[in-house]
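A short worksheet on the structure shown next.
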Amino acid sequence: MPATSEAQRKLSCIALSIKRGETKASFSKQAAKMAESMSEADLVDFCKKG
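Residue numbers 1 to 50, in the UniProt record's numbering, belong to the letters of the sequence shown in order.
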């Protein structure tokens, strides 16, 4: 299920980047929380444009 808004999609992509270690968690507290609570597969799904 892709994200419902562009802002949600961007946040999901940042969270995915944090989960993969490409971005520091300090970049976005909200995205860091999201990265901790969601699986990588879910984040990939939310990050898709759709």
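Ideal Cβ positions, reconstructed from N, Cα and C, are used throughout, including at glycine.
Residue burial classification, residue i (beta-carbon count within 10 angstroms, cutoff 16)
{"i": "A31", "result": "buried"}
{"i": "S37", "result": "exposed"}
{"i": "K19", "result": "buried"}
{"i": "F27", "result": "exposed"}
{"i": "A41", "result": "exposed"}
For residue i, the first and last residue of its enclosing alpha helix (DSSP H)
{"i": "A41", "result": "40 to 47"}
{"i": "S17", "result": "6 to 19"}
{"i": "E36", "result": "29 to 37"}
Beta-carbon spacing of residue i, residue j below 8 angstroms
{"i": "V44", "j": "L16", "result": "yes"}
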